[in-house]
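Asker: Its first residue numbered 9, the sequence shown is counted upward by one per residue in this note's numbering.
For glycine and all other residues, C-beta sits at the position ideal for the given N, C-alpha and C.
My questions will all concern the structure given below.
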Amino acid sequence: MRIWVARPEPGATRTGDRLAGLGHRPLVAPVLAVAPTGAQLPEGAFAGLILTSANAVQALAAQDRDRLRAVPIFAVGARTGALARQAGFRDVRVAAGDARTLAELVRSVLEPGATLLHAAGAERKAEPAASLIAAGYRLAARELYAARIAAALPEAVAEALGADALDAVLHYSRRSAQAAHDLATAAGLGGAFAALMHYCLSADVAVPLASAGITVHFVADRPDEDALLAGLPASGPTGFR
9 MRIWVARPEP GATRTGDRLA GLGHRPLVAP VLAVAPTGAQ LPEGAFAGLI LTSANAVQAL
69 AAQDRDRLRA VPIFAVGART GALARQAGFR DVRVAAGDAR TLAELVRSVL EPGATLLHAA
129 GAERKAEPAA SLIAAGYRLA ARELYAARIA AALPEAVAEA LGADALDAVL HYSRRSAQAA
189 HDLATAAGLG GAFAALMHYC LSADVAVPLA SAGITVHFVA DRPDEDALLA GLPASGPTGF
249 R
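Right, dumping it as structure tokens:
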């Protein structure tokens with residue numbers, strides 16, 4: 009299958025390599041670019057550090073990593089947890105890939121009243137912060153990174169859509185799915201985009217596509233890349249690979 013990988017780097021290239029290893033032909037063309045905001049972390053002691061994205065690990069400055077190295081880390085999923093360990097954090101706990109299980113993980117380890125630091129992105133959802141605050145935890149959030157939408161649909165994608173040379177697209181976040189749809193529509197290629205097979209990391213990621221009337225071909229049964237890519241050979245039409 010000829011598959012568009014729309015997620016931001018550095019994950020996009022890694023995903024493209026995995027697709028190639030599975031016999032697919034990836035088109036790596038992100039619609040978002042992630043960059044650090046330069047925000048400084050607050051002073052003081054924290055009972056735990058919440059990481060809701062792998063981008064948070066990369067955005068932490070070296071001095072922040074040194075200061076927080078012994079603080080328990082609560083990572084949303086396996087990839088984020090692995091990056092935290094690689095960055096030198098010693099006590100890393102990993103949730104099952106979503107905000108609900110992340111909040112449950114925190115509650116299973118720390119008592120209400122504990123002060124937590126959330127290394128967040130500029131665009132973030134209410135959870136897990138809302139559930140933790142409601143349960144009595146004190147939460148300080150810092151926006152350490154931001155994902156900027158591309159100014160236009162990547163040229164390679166526009167050419168491929170115009171030539172009917174794409175079969176599918178992988179969506180890893182609600183925001184990137186919305187951006188891909190909006191950029192394709194702005195380029196006059198909304199119909200070609202809608203006709204692709206859309207593979208989504210979770211039901212939440214699929215929301216903007218469904219809202220636009222686009223058929224979602226596959227939703228992973230758990231929010232990690234292995235589950236998403238497992239859908240490709242099982243769900244794709246014969247003759248594409």
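Just confirm the distance between the C-beta atoms of A137 and A149, as a whole number of angstroms; I'd bet it's less than 8 Å.
Answerer: Yes, A137 and A149 are in contact; Cβ-Cβ is about 7 Å, under 8 Å.
Asker: Going by C-alpha distance, which of T193, L76, H189 and R93 is nearest H206?
Answerer: Residue H189 is the option with its Cα nearest to H206.
Asker: On the three-state DSSP scale, how would you describe H126?
Answerer: Here H126 sits in strand by DSSP.
Asker: For G24, count neighbouring C-beta atoms within 10 Å of its own C-beta (all shown protein chains included) and say buried if the count is 16 or more, exposed if not.
Answerer: The residue is buried, with at least 16 neighbouring Cβ atoms inside 10 Å.
Asker: Ends of the alpha helix (DSSP H) at R75?
Answerer: Where R75 is concerned, the enclosing alpha helix (DSSP H) stretches over A70 to L76.
Asker: Counting C-beta neighbours from all protein chains within 10 Å, is the total for R20 16 or more, i.e. buried, or is it exposed?
Answerer: Here residue 20 turns out to be Ala, not Arg, going by the sequence shown. By the 10 Å Cβ count, A20 comes out buried.
Asker: Buried or exposed: which applies to R182, given that a residue is buried once 16 or more other Cβ atoms fall within 10 Å of its Cβ?
Answerer: That one is buried.
Asker: Can you give the beta carbon distance from A122 to A103, rounded, assuming they're within the 8 Å contact cut?
Answerer: With a Cβ gap of about 17 Å, A122 and A103 do not count as contacting.
Asker: From P34 to Y153, what distance separates their C-alpha atoms?
Answerer: Cα to Cα, the separation comes out at about 27 Å.
Asker: Excluding the 5 residues preceding and the 5 following A37 in the sequence, name in chain order all residues of the same chain whose CB lies nearer than 6 Å to its CB.
Answerer: Excluding sequence neighbours, A37 sits near P162, A164 and V165.
Asker: Under three-state DSSP, which class holds E151?
Answerer: E151: strand per DSSP, three-state reduction.
Asker: Thinking L178 and V13 are a contact (beta carbons under 8 Å), I'd like their distance in whole angstroms, please.
Answerer: So it is a contact: roughly 6 Å between Cβ atoms.
Asker: Just to confirm my understanding: we take R101, look at its own chain, exclude 5 residues before and 5 after, and list those with CB closer than 6 Å. What are they?
Answerer: F82 and L113, listed in sequence order.
Asker: Does A127 pass the burial test, meaning 16 or more other C-beta atoms within 10 Å, or should it be called exposed?
Answerer: Result: buried.
Asker: Does R101 come out as helix, strand or coil in the three-state DSSP assignment?
Answerer: It is a strand residue.
Asker: Who pairs with V227 in a beta bridge, going by DSSP?
Answerer: The partner list for V227 (beta bridge, DSSP) reads C208.
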